[in-house]
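**Student:**
See below:
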């Protein structure tokens, strides 16, 4: 969804990356490559820190670029964040994007 959108559940999220190759997580860390995560109603992870795996830190380690999120009605924030093969948040402009949405 776009920032500020009002949506219905489940929320279909389509992810993309510019200047970054999305691939499945692995033990190999390659510059400019990694996978995506979505933080739900919590801050993005600081660059260089590992992304936790819990109900608010969603991992897409198979290289997925689409997901359906079951969100309760109300206001939510979503942070899309790139990380390397070891789930470490990547530094740099554009490695995170945060939007606010309302679920009806």
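In this note's numbering, the protein residues as written are 410 to 513. Backbone N, C-alpha and C define an ideal beta-carbon position, used for all residues, glycine too. Values in this document were obtained by computation on a predicted structure and should not be read as measured data.
Does DSSP classify residue 511 as helix, strand or coil?
**Tutor:** It is a strand residue.
**Student:** As an exercise, report each continuous beta strand (DSSP E) stretch of at least 3 residues that is fully enclosed by the region 453-510, in chain order.
**Tutor:** For the region 453-510, whole beta strand (DSSP E) runs of length 3 or above, ordered along the chain, are 466-469, 475-478, 483-492.
**Student:** Residue 424 lies in the beta strand (DSSP E); which residues open and close that run?
**Tutor:** Taken as a continuous stretch (DSSP letters only), residue 424 belongs to no beta strand (DSSP E), as it is neither H nor E.
**Student:** Helix, strand or coil: which one does DSSP assign to residue 437?
**Tutor:** Three-state result, residue 437: coil.
**Student:** Could you check where the beta strand (DSSP E) with residue 413 kicks off and where it finishes?
**Tutor:** No beta strand (DSSP E) contains residue 413, which DSSP labels as neither H nor E.
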